[in-house]
Amino acid sequence: MAGKVRLAVIDYDVCKPRKCSYECINVCPINKSGRGVAIKADKEKKGKPVIFEDVCIGCGLCVKACPFDAIFIVNLPSELEEQAVHRYGVNGFKLYRLPVPKDGKAVGLIGKNGTGKTTAVRILGGELKPNLGDPNREPDWDEIIRRFRGSELQTYLRKLADGKLRVAHKVQHVDLVPRYLKGTVGQLLERADERGVAKDLAQELGLDTIWDRDIRKISGGELQKLLIAAVLSKDANVYIFDEPSSYLDIRERMRVANLIMREVKPGRYFLVIEHDLAVLDFVTEIVHILYGEPGAYGIVSTPYGTRVGVNNFLEGYLPAENIRLRKEPIRFRKLSEASVEAGPKKKIKYLEWTDLAVRRGSFTLRAEAGEVWSGEVIGIVGPNGIGKTTFIATLAGKIEPVDGMVMIEGEYTVSYKPQYVGPELFPKGYTVGDLLREANPEAVVPGSWLYLELIQKLRLNKLWDREARRLSGGEMQKLAVAIALAREADIYLLDEPSAYLDVEERLAVARAIRRVTEGRGAAAFVVEHDLLVIDFISDKLIPILGKPGVEGHASKPMNLYKAMNLFLRELGVTFRRDPATGRPRVNKPGSFLDRMQKAKGEYYYGGA
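This note's numbering numbers the first residue of the sequence shown as 1 and each following residue consecutively.
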């Protein structure tokens, strides 16, 4: 095809030649014609197929024939091939272009999981030497730098190649750290400290209270804060933060965001990968959007100012590239206090509770009396350890209150998605398809509304024959949410459904919760730390405040405006609305809008 190059990618984790009849090889018209070989089994890959891109005609028959949906073939513009940066082996993932680090600025990366964000920052951090798209050779640095001549990357990569840049990298998978590092929080921070700031950072992040604790005995959130403090303690030129808000509650996310933003100074480069758009918007000045086919290829967009870039991402269209990312834009409801007060017409009261007291060891949760009606989605926000999971477990009947009662009107069923999703949640040997079929046979029927809303939009059809226990954290999360929503229920309780998910997946999950709740006339409670997800999905909100680990106080369900004002006042953070998309944006501390909204007592929705 003139002006096009073929890209053929095989997901070798999914490919199972021992469980198929090599349909991909047998259906190939080039192979059948005898004029050549476009795809064959490779002994070095244990019998798994290899596609020769220069012979393949891109007919797509092998893609359709593969029983495991493991093959992806696309034709890309030939000029894009000249911008190839790295490829992971023959028929492996391919990255095009790189983000451009800016001296004295924080540059953000957003996009779907599997489109190359981590690969890009590993290259810019000097951890991965790019092969310029050819996995069969290793170009020298001079050739790599020539590829970027005339751009700001040329200067940056020359410094990197000459060893003139010191890099500090906060890795993505914090849960793996205890496998490789030993010692207490204090020992590790003192070992990392090159600027004499570790103790001050530890105090700001609340790590001073666990200074002598072994890192194998601290939570995911504490591990995250430990790594952030360790990275900021380094005397480096390049600071890389890969998903710094994971495991953190809203209060801690804003604290970390302030710390990172404070350290952005001339002479330093900051790169931030983040799925919480409020945090990304707050910390960075420039963003690159990565698009493509997850697991197959990723393309780095030109740089945009953060506000414009995030808005373009939500609109689903990149004007500089003339690329449409999705069919529909993502819109946030522009609500005023009056419109929230009015609310939807109520139909059926599903659940009601009196004033409650719940005790878990030395922790006490007190909740004001409340109720929920059909079609409502109730968000729940608060810091970690304040009783959010305890509250919804009490509503689900899994915990008995010591005072008060939960009353359900009539015979109603409850579907519960727990906070922690791991392999132990799923039975051994069950595939994604098995579990969804068991949850609701209708959900696995192509064309049914449940299939379209849950399976297709969450891309679970791509994982159909995968064993559930072998999925990644994000894949397990989507499966757990889909199973909970597929069940026929009157009340859905979902604890942190956006954990491990990228921006699009978070909003896809939020839409699914919204549509299933409304479609079935059910009600849903959603515990969430991502404020954009809460804003996108909630009719009402329950803020839980107090002293984490000691006592929590849950308000009754309130309209979004009042509840967020109450909650954000406690955090000392103000939000405004973006006039184009309606999304909430964090005001910089001490800015004119921040001071004005605080003076008015309007911590949420204030000025555009």
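The C-beta atom is built at its ideal place from N, Cα and C for all residues, glycine as well.
Here the structure is a predicted model, which is why all the values come from computation and not from measurement.
The segment 452 to 459 / the segment 371 to 389 touching (three or more Cβ pairs under 8 Å): no
Unbroken alpha helix (DSSP H) run spanning Glu152, endpoints: 152 to 161
Continuous beta strand (DSSP E) assignments of at least 3 residues falling wholly in the segment 467 to 503: 491 to 495
Beta-carbon gap between Leu124 and Pro101 smaller than 8 Å: yes
Nearest residue (CA-CA) to Ala482, options Asn440, Glu518, Lys217: Asn440
CB contact flag (Ser233, Val197, <8 Å): yes
Sheet register partners of Ala357 (DSSP bridge): In the DSSP output, where bridge partners are listed per residue, Ala357 has Arg366, Asp403.
DSSP three-state assignment for Gly546, whether helix, strand or coil: strand
Residue closest to Glu518, alpha-carbon to alpha-carbon, out of Ile348, Pro130, Gly295, Gly114: Ile348
CB of Ile273 within 8 Å of CB of Leu318, strictly: Their beta carbons are not under 8 Å apart, which means Ile273 does not touch Leu318 by this criterion.
Backbone CA spacing between Tyr156 and Asn26 [nearest angstrom]: 48 Å
Tyr603 and Arg577 closer than 8 Å at C-beta: no
Tyr561, enclosing alpha helix (DSSP H) - first and last residue: 560 to 571
Proximity to Gly474 [Cα-Cα], best of Leu493, Leu314, Ala489, Asp502: Looking at Leu493, Leu314, Ala489, Asp502, the one whose alpha-carbon comes closest to that of Gly474 is Asp502.
Bridge-paired residues (DSSP) for Gly108: DSSP lists Val272, Val287 as partners of Gly108.
Secondary structure, beta strand (DSSP E): runs of 3+ residues fully inside the segment 53 to 103: 71 to 77, 84 to 87, 94 to 96
Simplified DSSP state of Asp242, which is helix, strand or coil: strand
Cβ distance (whole Å) where Lys170 is taken to contact Pro244 below 8 Å: With 8 Å as the limit, Lys170 and Pro244 qualify as a contact, their Cβ atoms being about 6 Å apart.
Element boundaries [alpha helix (DSSP H), containing Leu7]: Per DSSP, Leu7 belongs to no alpha helix (DSSP H); it is in the beta strand (DSSP E), 4 to 10.
Of the residues Ile30, Cys28, Asn75, Val90, the one placed nearest Glu44, counting alpha carbons only: Residue Val90 holds the alpha-carbon nearest to the alpha-carbon of Glu44 among Ile30, Cys28, Asn75, Val90.
Option nearest Arg166 by Cα separation, candidates Arg585, Glu376, Arg268, Thr115: Arg268
Buried versus exposed, by CB contacts within 10 Å (16 or more), Asp193: buried
Spatial neighbours of Arg253 in its chain, beta-carbon cut-off 6 Å, leaving aside the 5 residues before and after: Ser245, Val279
Whole-angstrom distance between Ser498 and Met558, CA atom to CA atom: Distance between Met558 and Ser498, taken at the CA atoms: about 22 Å.
Simplified DSSP state of Trp141, which is helix, strand or coil: Trp141 carries a helical assignment under DSSP once its states are collapsed to helix, strand and coil.
Chain-order list of residues whose beta-carbon lies under 7 Å from that of Ala70 (same chain, five-residue window excluded): Ile10, Asp11, Val14, Cys15
Cα-Cα separation between Ile537 and Trp373, rounded to whole angstroms: 16 Å
Min CB distance Thr364 to chain D below 8 Å: No chain D appears in the structure shown, which is made up of a single protein chain.
Own chain residues within Cβ distance below 7 Å of Glu442, not counting five before or after: Ser448, Leu450
Given Leu460 as reference, the closest of Ala486, Val432, Glu23 once Cα atoms are compared: Val432
Cβ neighbour criterion (16 or more within 10 Å) applied to Ala342: Residue placement at Ala342 cannot be trusted, given a pLDDT of 38 that sits under 50; what the coordinates show is reported in the next sentence. Exposed is the call here.
8 Å contact criterion, which Ile250 and Leu571 should meet: CB distance rounded: 7 Å
Spatial neighbours of Leu356 in its chain, beta-carbon cut-off 6 Å, leaving aside the 5 residues before and after: Ala367, Pro401, Gly404
Residue closest to Glu143, alpha-carbon to alpha-carbon, out of Asn31, Ala161, Leu471: Ala161
Beta-carbon proximity check, Cys623 vs Ala8, cutoff 8 Å: For residue 623 there is no data in the structure shown, the boundaries of the chain being 1 and 608.
Reduced DSSP category for Val421 - H, G, I as helix; E, B as strand; rest coil: coil
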